[in-house]
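Novice: Its first residue numbered 6, the sequence shown is counted upward by one per residue in my numbering.
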Amino acid sequence: MRNLKYTSLLKNVNSYLIDSPQPSNISYYWNFGSLLGVCLTIQIISGVTLAMHYNPSVLGAFDSVEHIMRDVNYGWLIRYLHSNTASAFFFLVYLHIGRGLYYGSYRAPRTLVWTIGTIILILMMASKKIKWPNRLVDYQVKYTNSEIPSILPFNKGRTRAIRRIGPHNIDALSIIICGMLGDWWGNKIKGQQIDSVRFCIEQGVKNSAYIHHINILLYNLGYCSTVTPKLIVKSEAKTDLRLDPTSTRFNYRLTTHSFTSLLWIYNSFYSEVNGIIKKKIPNWIGEYITPIGLAHLIMLVGHRTSHGICLAISDFSYEDLVLLIRIFNQLYGISPSIRATKNSSKQTIFIEKKDFVIIKNIVKPYIVPELEYKIRK
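(1) Quick one, are the C-beta atoms of P296 and I367 less than 8 Å apart?
(2) Among G103, I372, E71, I356, which has the Cα closest to the Cα of C315?
(3) Can you give, in chain order, each stretch of the alpha helix (DSSP H) that sits fully within the segment 346 to 372 and has at least 4 residues?
(4) Quick one: measure Cβ to Cβ for L186 and I318, integer angstroms, because I've assumed they're closer than 8 Å.
(5) Which ranges does the alpha helix (DSSP H) cover as unbroken runs of at least 4 residues, wholly within the segment 75 to 141, from first to last along the chain?
(6) Cα separation between T261 and S273?
(7) Buried or exposed for N256, going by 16 or more other Cβ atoms inside 10 Å?
(8) Rounded to the nearest angstrom, what separates Y59 and C44 at their Cα positions?
(9) Using C-beta distances below 7 Å, list every residue in its chain close to C183, excluding the 5 sequence neighbours before and after it, in chain order.
(10) For T353, is the classification buried or exposed, using 16 other Cβ atoms within 10 angstroms of its Cβ as the cut-off for buried?
(11) Here's the rule I'm using: 16 or more other beta-carbon atoms within 10 Å means buried, otherwise exposed. How should N385 be labelled?
(12) Using CA atoms only, rank isn't needed, just tell me which of G227, L97, F67, S92 is closest to L40.
(13) Mark A66 as exposed unless 16 or more other C-beta atoms lie within 10 angstroms of its C-beta, in which case mark it buried.
(14) Whole-angstrom Cβ separation of H312 and K365, contact assumed at under 8 Å?
(15) Tell me where the beta strand (DSSP E) around H308 begins and ends.
(16) Please report the straight-line C-alpha distance between I286 and L128, rounded to a whole angstrom.
(17) Which first and last residues belong to the alpha helix (DSSP H) in which Y271 is found?
(18) Who are the Cβ neighbours of G291 in its own chain at under 7 Å, not counting the five residues just before and after it?
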């Protein structure tokens, strides 16, 4: 006891924890403040520990979280402790405020303490515009602050889609967005609280190597539920099935999960003009024409010729193709041209042989072996 009272450091500890005078009517309700301090300490320690392994970038965020959960010793425990303590912090804050209101802690002589606490609460609850994932801010323009729906899965029918809010893997986004220039399409799904979207691609049996490859890739990244694409009968061939079963055509179809956080892609690619939904190229697409995205675009719609390679991107307007050419020039220093197809009035993008040598070296690591003929001389 002598050391506690006469040592300079321990004297302050003793005055606050042992000899500090307390009111006679004090109860367990006065513990909420100290519990908040404990929660804050846990948040700081666990947050710093998680930050040692977290990579706050578009390329590494998703993988670093998986690394924490799977590879770091007790990383799963630290992450769950951090997230659940954050929830407990808010819960205790409201109990702390309620206790203060009930016992009149806002009255003199504690008015200053109550005012400081109110300022801290306002600063804690203040929020900025959400800019995650990359284009979610464009999607939020549609809603006012009061109309932005909750991301919590209160509506049981939409739980799976609502929970998938990101962060999204940059490779998966590049594949889907570049695929939207080709054979990919989006299906908008009406939700109880908020709409969602899922993306699909369909390929013939002769392209089974490619669609199996992309299916496994997206499955490993968590964007689809099955490791193999679904084999379906082509709708136009069903009428011939009874007459001539051998004439039936089969396709492989890949469908991603439903995502609310990817609706910005759908809204950017599709627009309604006079009641007709048309496809357009968004002006931000250059952010996602990465080497892996470009490789999948070539595997989807690329046609090799002796003079270069033709990208059959024919579902867009001439202005959209001009925008895409300008992006190709800015990203890779090439100068493609716009050419008309032989059998229709549609126009495609053609990359000359001299420029294709540059593209070939960039996309080669991502090309499926069965489709390497598209980048050979």
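Just so it is clear, CB atoms sit at the ideal spot from N, CA and C, and this is done for glycine as well.
In this text, all values refer to a predicted model and were calculated from it rather than measured experimentally.
Specialist: So, to answer that:
(1) The beta carbons of P296 and I367 sit closer together than 8 Å.
(2) Measuring from the Cα of C315, the nearest candidate turns out to be I356.
(3) Runs found: 358 to 368.
(4) Contact between L186 and I318 holds, with the beta-carbon distance rounding to 5 Å and staying under 8 Å.
(5) Here the runs fully enclosed are 80 to 107, 116 to 130.
(6) Taking the straight line from one Cα to the other gives about 18 Å.
(7) It counts as buried.
(8) Each residue's Cα considered, the two are about 21 Å apart.
(9) Only Y293, I294, G298, L299, H301, L302 meet the Cβ criterion.
(10) Around the Cβ of T353, a 10 Å sphere holds 16 or more other Cβ atoms; the residue is buried.
(11) Residue 385 lies beyond the stretch modelled for the chain, which goes from 6 to 382, so this question has no answer here.
(12) The residue with the shortest Cα to Cα distance from L40 is L97.
(13) Burial check for A66: the Cβ neighbour count within 10 Å reaches 16 or more, so the residue is buried.
(14) Contact flag wrong, Cβ pair sits at about 14 Å.
(15) For H308, the enclosing beta strand (DSSP E) has its first and last residue at 307 to 310.
(16) Each residue's CA atom was taken as its position, placing I286 and L128 some 41 Å apart.
(17) For Y271, the enclosing alpha helix (DSSP H) begins and ends at 268 to 274.
(18) Within its own chain, the residues whose Cβ lies closer than 7 Å to the Cβ of G291, once the five positions on either side in sequence are excluded, are I332, Q335, L336, listed in chain order.
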